[in-house]
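Residue numbers (the working numbering): 42 to 267. For each residue, glycine too, the CB sits at the ideal point set by N, CA and C. Some notes on the structure that comes next.
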Amino acid sequence: MCIGESIDAAAIAAECAAENPGFVFATAGVHPHDAAAFDAQRDIPKLRRFLQNGAVAVGECGLDYHYDNSPRDAQRAAFSAQIALAHETKRPVVVHTRDAEEDTRAAIGEARSAGVVGVLHCYTGTQSLAEFAIAAGWYVSFSGIVTFKKWTDDDLIRIVPRDRLLVESDSPYLAPVPYRGKRNEPAWVAHTLGKVAAVRGDDPQELGWATAANAKRLFGLAFPAA
42 MCIGESIDAA AIAAECAAEN PGFVFATAGV HPHDAAAFDA QRDIPKLRRF LQNGAVAVGE
102 CGLDYHYDNS PRDAQRAAFS AQIALAHETK RPVVVHTRDA EEDTRAAIGE ARSAGVVGVL
162 HCYTGTQSLA EFAIAAGWYV SFSGIVTFKK WTDDDLIRIV PRDRLLVESD SPYLAPVPYR
222 GKRNEPAWVA HTLGKVAAVR GDDPQELGWA TAANAKRLFG LAFPAA
């Protein structure tokens, strides 16, 4: 998955997906850090075109009250507009949330009312928010952060049902142990999967097939024949 976090990034993601059909899939969205510059009349049509031309999800969108790189009202407005676009285009949303639990919960409720599902991407939030999202039909995805020494919430990994669980690289960031500090590579997601499987008491290969099936279901992916 190649995630477009801005209009320019979405264009790069779309080009990468077009060059690697069936192996790379693009998403298109505006990250909360960029919400201050979001203009719905200008940007929603651009995102719509990416989605009409093969992007499989809206995002990465959401809320980040930790850094507050954009005003919170602008973040909420951009997030809401992208949920509406997901409803219109029948796409899921890829959601970034940090230190914004109450407003993220409200947005998930808004999405649920619109029939939109999504994934809490690179999730490190509370168990309560994860359970709320799961009850709304959403998925929860874990990155290399779960392999770090500072990670302490293995119970969060355990509460996610197998059929709602995803793993991700978040490349080029958050390389898992033993590669922490290096430029991340998608292949290294196997280390994240191994940690998640160990915490849950699952067989890594079986869990890998399960998470791949979950991604295929959520994003409507069509993999090439083996």
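In the same chain as TRP192, and ignoring 5 residues on each side of it, the C-beta atoms closer than 7 Å to its own belong to ILE186, in chain order. Taking all protein chains in view, the Cβ of SER182 is crowded by 16 or more other Cβ atoms within 10 Å, so the residue is classified as buried.
Under the 10 Å beta carbon count, HIS107 is surrounded by fewer than 16 other beta carbons and is classified as exposed. Per DSSP, the unbroken alpha helix (DSSP H) holding GLU151 starts and ends at 142-154. Secondary structure within the region 157-220: the alpha helix (DSSP H) runs of 4 or more consecutive residues, fully enclosed, are 168-176, 195-200 (chain order).
When DSSP states are grouped into helix, strand and coil, LEU262 belongs to the coil group. Taking C-beta atoms as the reference points, LEU206 and THR145 fail to come closer than 8 Å.
Fewer than three pairs of CB atoms, one per stretch, sit closer than 8 Å, so the region 220-229 makes no contact with the region 237-245. Annotated as proximal: VAL134 and ILE124, with beta-carbon spacing under 8 Å. Less than 8 Å divides the Cβ of LEU234 from the Cβ of LEU248. Nearest to GLY178 by alpha-carbon distance, out of ASP195, SER169, ILE149, is ILE149.
Only residues of its own chain outside the window of five on either side were considered, and among them CYS102, GLY103, LEU104, ASP105, ASN110, SER111, GLN116, ALA119, PHE120, HIS137 have a CB closer than 8 Å to the CB of PRO73, listed in chain order.
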